[in-house]
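Numbering (the numbering used here), first residue to last: 604 to 1014.
What follows is the structure, encoded as structure tokens:
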């Protein structure tokens, strides 16, 4: 069977799933647009500032805009937040003190947080006398009994939830799961902060964690919420008392969010947020198509094709390391930037194993753009995410199918 025919046959069976993603995108677009209108966004908000940035209207209004979109009391949105890991680190250090415990109820946090939490003599949480404990998910669901038991420890001040899969073979967590567990945590008498790593999950559903019981949600602007054009930055949204404490960690406790300039201006942050619901929909549709095609060829994917996606990533399990590397290389070869680069695994900072990463992106490392990465270890699992346009994802799939050299598809 020719590749084009194969793709069309797969697409014909995905109409219902595509329609569902488009309905969610429309709801989110309306929510974002109405927040723009409520905040009376005008050309002046795009202008930059310098020095201390006192009275920076673009910065302050962007914070208010994000708070409204995420159904939160307050927000801290800044180009000075360098990544999702940086945003999470600021949040945790802003909320935890010596003698406190961080309790993850979704298993191990993402690889780049491991040293932040437990590193030795590098300024980690552990170095500052902050403890960490966790309980694992059970078959993709929260372990409520383990959570109840863990919350008996009165040193627990932050309950941590990672929405996305990280480098795990599990589905991302849905908003309904997050809502249920937040309600349960409160029913156990917990009065601290419920903190959600929201990376890869923004606008995938029609509500966000801060609308479903979470006190804080954190993410990167070079993922979903930046719409593919934000050049850097991160966000923290949630209860005002927590956001203000975290702002004091980003700058200084005496000045918080009252300072911080950005001379280049804020247009791309505003425009990226406006575009985000549509861009996320494009990425989701591309991921669904890739999942459908590879499952039909016998590969396991997560989420499976009959399960709704709850973030923009899709995991694919390969039989050999050669297939894994070939998949990642095909994604790079399909990129608009650096398509000629021959990828090889390398010792990437913050990761436990060698990693191979395809990121031929306009914004370096932007995983809302078409990208893929994988740790070089068994089982051989690649993590595919992003795609600014469905058409780009579809084109990349033709490269992937050729690279895998399947006997079902002609070159």
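Heads up, the beta-carbon is just placed ideally off N, CA and C, and yes, glycines get one too.
Boundaries of the alpha helix (DSSP H) around residue 663: 660-672.
Judged by DSSP in its simplified three-state form, residue 880 adopts helix. Counting only residues of its own chain and dropping the five nearest sequence neighbours on each side, residue 753 has a CB closer than 8 angstroms to the CB of 706, 708, 736, 738, 759.
Of the other Cβ atoms in all chains shown, 16 or more fall within 10 Å of the Cβ of residue 766; this residue is therefore buried. Going by beta carbons, residue 999 and residue 937 fall inside the 8 angstroms limit. Residue 703 sits buried, since 16 or more C-beta atoms from the chains shown fall within 10 Å of its C-beta. With fewer than 16 other CB atoms across the displayed protein chains lying within 10 angstroms of its CB, residue 725 is exposed. Taking C-alpha positions only, residue 646 is separated from residue 693 by approximately 31 angstroms.
Annotation for residue 629: no residue places its beta carbon closer than 7 angstroms to its own, counting only its chain and skipping 5 residues before and after.
Residue 800 sits in a strand when the DSSP states are folded into three classes.
Annotation for residue 943: no beta strand (DSSP E) segment contains it, and DSSP assigns it neither H nor E. For residue 624, the enclosing alpha helix (DSSP H) covers residues 618-641.
If only complete runs of 3 or more residues are kept, the segment 676-742 shows the beta strand (DSSP E) at 677-681, 704-707, 734-737, in order along the chain.
By the Cβ rule, the segment 813-823 counts as touching the segment 831-849, because three or more pairs are nearer than 8 angstroms. Within the DSSP secondary-structure output, residue 744 pairs in a beta bridge with 741.
CA-to-CA, the gap between residue 639 and residue 790 works out to about 36 angstroms.
Residue 840 has 678, 820 as its beta-bridge partners, per DSSP.
Under the DSSP assignment, residue 611 falls in the alpha helix (DSSP H) whose first and last residues are 606-615. The alpha carbon of residue 614 has as its nearest neighbour, out of 976, 864, 994, 1002, the alpha carbon of 994.
Just so you know, the alpha carbons of residue 664 and residue 637 end up roughly 14 angstroms apart.
The segment 939-956 makes no contact with the segment 897-917, as fewer than three CB pairs between them are under 8 angstroms. From the listed residues 989, 830, 1008, 985, the smallest Cα separation to residue 770 is found for 985. The beta-carbon distance between residue 889 and residue 1007, rounded to whole angstroms, is 17 angstroms. This is too long to meet the 8 angstroms contact definition. For residue 755, the secondary structure class from DSSP, reduced to helix, strand or coil, is coil.
The three-state reading of DSSP puts residue 834 in coil, since its state is none of H, G, I, E or B. A distance below 7 angstroms between beta-carbons, with the five flanking residues on each side excluded, links residue 910 to the following residues of its chain, in chain order: 774. Per DSSP, reduced to three states, the secondary structure at residue 826 is coil, with no helix or strand assignment. In this structure, the CA atom of residue 679 is about 6 angstroms from the CA atom of residue 666. Distance check between residue 876 and each of 609, 673, 660 places 673 closest, using alpha-carbon atoms only. At a Cβ-Cβ threshold of 8 angstroms, residue 1004 and residue 990 do not count as neighbours. Bridge pairing for residue 772: absent [DSSP].
Burial state of residue 741 is exposed, judged by a 10 Å Cβ sphere holding fewer than 16 other Cβ atoms. Taking C-beta separations shorter than 6 angstroms and ignoring five residues to either side along the sequence, the partners of residue 886 in its chain run 915, 989, 990, following chain order.
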